[in-house]
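Heads up, the sequence shown is in the working numbering, so the first residue is 723 and it goes up one at a time.
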Amino acid sequence: MNLLLDTLLSPLPADGERSRPARLLEVMRYASLDGGKRLRPFLVVETAALFNIPRERALTVGAALECVHCYSLVHDDLPAMDNDPLRRGRPTAHIAFDEATAILAGDGLLTFAFDILARPDAHPDAGVRIELVRALSRAAGLGGMAGGQMLDLAAEGRFGDGKPLPLTAEEIATLQAMKTGALLHFACIAGPMLAQAPAAQREALHRFGTVLGQAFQIADDLLDVEGDAATVGKATGKDAALGKATLVSVLGVPAAKERLAMLLAEAEAALAPFGDNAKWLKSAARFIAERDS
723 MNLLLDTLLS PLPADGERSR PARLLEVMRY ASLDGGKRLR PFLVVETAAL FNIPRERALT
783 VGAALECVHC YSLVHDDLPA MDNDPLRRGR PTAHIAFDEA TAILAGDGLL TFAFDILARP
843 DAHPDAGVRI ELVRALSRAA GLGGMAGGQM LDLAAEGRFG DGKPLPLTAE EIATLQAMKT
903 GALLHFACIA GPMLAQAPAA QREALHRFGT VLGQAFQIAD DLLDVEGDAA TVGKATGKDA
963 ALGKATLVSV LGVPAAKERL AMLLAEAEAA LAPFGDNAKW LKSAARFIAE RDS
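Structure, rendered in structure tokens:
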């Protein structure tokens, strides 16, 4: 994935581009090439492998998704959002460069994702590419990640009278399914989209992606409570300090861990129709639940 992103984000303009400003490109590369688990592209590749889709197509879709993910990190770290100085064990983009350049780098990564996804490298059938573009735009946008971030800021009390907005466990789950889960869900349904798979197989991976997103967020919230910043690669203890609505804060650590274990079991059950072919996806689910960074 790094090699593909490195090639896509080369200094040479693509067909139809006038130029690639060096400073903007430098920050886009800084935000996307070094560090990161590449979990979302991995899920794209492995769900596509269930249907024997050429790896090159899956990697192209994975690269587009990773650009959206990296853009979201750049913007989430900004002073107006989470105001984080550290990401992946090093200064965040606005600290390493400056705020204006970081904003434009995020904008550049988001829009570049759809440039990548619209290319025939993703799939020779334009109809499939349109389906992928629509699904990723919805995962990233109003009803997905951007909308979830707005709900998260509202819960912190960023608007109106400035008081945190108490949320129920169900409301928190909806927020997190949008903010964090939507991109992970896309990663799991991209494979059957590339394959134009039957409805039953799409539904199985839809369920897997939904549960995986929930598990990822609970694991992330537990890391914020129990993790070590040096290991996690970013500041910890932020959620409580900001008054963020999390399932850990509502349920408590023991109950959150119980729910995480239940979600892991659900994720593995969703993959049953694929048998041993889904072993790497099952391993990914366990990694998400048990990770320390």
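For glycine and all other residues, C-beta sits at the position ideal for the given N, C-alpha and C.
- The region 781-793 makes no contact with the region 924-939; the number of CB pairs closer than 8 Å stays below 3.
- In the DSSP assignment, P846 falls outside any alpha helix (DSSP H), carrying neither H nor E.
- Only residues of its own chain outside the window of five on either side were considered, and among them P807 have a CB closer than 6 Å to the CB of I817, listed in chain order.
- Under the three-state reduction of DSSP output, L826 falls in the helix class.
- Per the Cβ contact rule, the region 767-783 is in contact with the region 909-917 (3 or more Cβ pairs under 8 Å).
- Around the C-beta of T902, 16 or more other C-beta atoms lie within 10 Å, and the residue is accordingly described as buried.
- Take L772, set aside five residues on each side of it, and the residues of its chain with a beta-carbon closer than 7 Å to its own are G913, F996, N999, A1000, in chain order.
- Taking a C-beta distance under 8 Å as the contact criterion, A868 and A876 do not qualify as a contact pair.
- Counting along the chain, G738 sits inside no alpha helix (DSSP H), nor does DSSP assign it H or E at all.
- Counting of Cβ neighbours within 10 angstroms places P763 among the buried residues, the total reaching 16 or more.
- A983 and V749 have their alpha carbons spaced roughly 38 Å apart.
- If only complete runs of 4 or more residues are kept, the region 882-949 shows the alpha helix (DSSP H) at 891-898, 904-917, 921-948, in order along the chain.
- When the Cα atoms are used, A1006 and E821 turn out to be separated by approximately 34 Å.
- Residue pairing by DSSP puts R812 in a beta bridge opposite R809.
- With distances taken between CA atoms, A835 lies nearest to S754 out of E778, S754, M803, A802.
- The region 853-861 and the region 878-893 do not touch, with fewer than 3 CB-CB distances between them shorter than 8 Å.
- The alpha-carbon separation between K759 and G884 amounts to approximately 35 Å.
- Unbroken alpha helix (DSSP H) stretches of 4 residues or longer found wholly inside the region 748-801: 761-771, 777-798, given in chain order.
- L986 is a Cβ neighbour of R1008, given a cutoff of 8 Å.
- Spatial neighbours of D874 in its own chain (CB-CB distance under 8 Å, excluding positions within 5 residues in sequence) are listed in chain order as L897, K901, K966, A967.
- Considered as a whole, the region 851-880 harbours 867-878 as its complete alpha helix (DSSP H) runs of no fewer than 4 residues, in chain order.
- Where L993 is concerned, there is no enclosing alpha helix (DSSP H), because DSSP gives it neither an H nor an E.
- V796 is positioned such that its CB atom lies closer than 8 Å to that of G828.
- In the structure shown, P976 falls within a helical segment according to DSSP collapsed to helix, strand and coil.
- Straight-line spacing of the CA atoms in L726 and L887 works out to 42 Å.
- With a contact defined as Cβ atoms closer than 8 Å, L969 and D943 qualify at about 6 Å.
- Each residue's CA atom was taken as its position, placing A919 and G974 some 40 Å apart.
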